[in-house]
Amino acid sequence: MLYGAECWPIKNSHIQKMKVVEMTMLRWMCGDTKRYTIKNKDIRDKVGVSSVDDKMQEERLRWFGHVKRRCTNSPV
52 MLYGAECWPI KNSHIQKMKV VEMTMLRWMC GDTKRYTIKN KDIRDKVGVS SVDDKMQEER
112 LRWFGHVKRR CTNSPV
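Per the working numbering, the sequence shown runs over residues 52 to 127.
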């Protein structure tokens, strides 16, 4: 779901849509539907994953580290 996310141009609307899709998938994995009032945090804790925006930020920072360590005279 996040392949190549380190270089995507991201808007807040994109992040919100990714959160909705993520929670839909996690609820499906757990066998829950929206009619059960289970908090998103509880679902994430049950499955053992962090939120999609945290993972996207982690990937962007990792990519920034690679770019920062690159030699300045090397080609792209």
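Backbone N, C-alpha and C define an ideal beta-carbon position, used for all residues, glycine too.
Do VAL103 and MET69 have their C-beta atoms closer together than 8 Å? The residue you call residue 103 lines up with position 52 of the sequence shown. The residue you call residue 69 lines up with position 18 of the sequence shown. The beta carbons of VAL103 and MET69 sit closer together than 8 Å.
Output the boundary residues of the alpha helix (DSSP H) element that contains LYS90. Sequence index remark: in the sequence shown, residue 90 carries index 39 (1-based). Element bounds for LYS90: n/a, residue is neither H nor E.
I need the boundaries of the alpha helix (DSSP H) containing THR75, first residue and last residue. Counted from its first residue, the sequence shown places residue 75 at position 24. 63-81 is the span of the alpha helix (DSSP H), which, as asked, contains THR75.
Kindly indicate which three-state DSSP category ARG113 falls into: helix, strand or coil? One-based indexing of the sequence shown puts residue 113 at position 62. When DSSP states are grouped into helix, strand and coil, ARG113 belongs to the helix group.
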